[in-house]
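Numbering (the numbering used here), first residue to last: -12 to 106.
By construction, the Cβ of each residue, glycine as well, lies at the ideal position given by its N, Cα and C atoms.
Written out as structure tokens, the structure reads:
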């Protein structure tokens, strides 16, 4: 399964049933193959099977729910762990430059969890 972001949420009055219905009706995908749905105020996430054809994905970008376009996009994967589920690149704050971090690596605290060795 791959997590996707859609641009409808609580502010639009959308329900999981409407999201499943729109995706299933427009893609031909059975509702039982649509995974977890998490509705936020201004967007939602939905897990869909990996390997979706490009044409179908393009079509879903133009599908409307509650008068709003889904504008579906694949979320950038982030390792699962103590920091929570993957997030979309739009949720990130401004980028920091190395010059903002200081010149010495020793002055920064180390990772909270040991890193896996790459052999």
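(Q) To test your reading of the DSSP string, which unbroken alpha helix (DSSP H) runs of 4 or more residues are found completely within the segment 12 to 56? (A) 41 to 48
**Q.** Spatially closest choice to residue 44 from 18, 58, 20, 31, by CA coordinates
**A.** Locating residue 44 in the chain shown gives position 57, where the first residue counts as 1. The shortest C-alpha separation from residue 44 is found at 58.
**Q.** DSSP three-state assignment for residue -5, whether helix, strand or coil
**A.** Within the chain shown, numbered from 1, the residue matching residue -5 stands at position 8. DSSP places residue -5 in coil when its eight states are reduced to three.
**Q.** Within 8 Å, strictly: CB atoms of residue -9 and residue 28
**A.** Taking the chain shown and counting its residues from 1, one reaches residue -9 at position 4. Taking the chain shown and counting its residues from 1, one reaches residue 28 at position 41. Pairing residue -9 with residue 28 gives a Cβ-Cβ distance that is not under 8 Å.
Q: Evaluate residue 23 with the Cβ neighbour count: other Cβ atoms within 10 Å of its Cβ, from every protein chain shown; 16 or more gives buried, anything less gives exposed.
A: Translated into positions along the chain shown, residue 23 becomes position 36. A residue is called buried once 16 or more other Cβ atoms fall within 10 Å of its Cβ, and residue 23, having fewer, is exposed.
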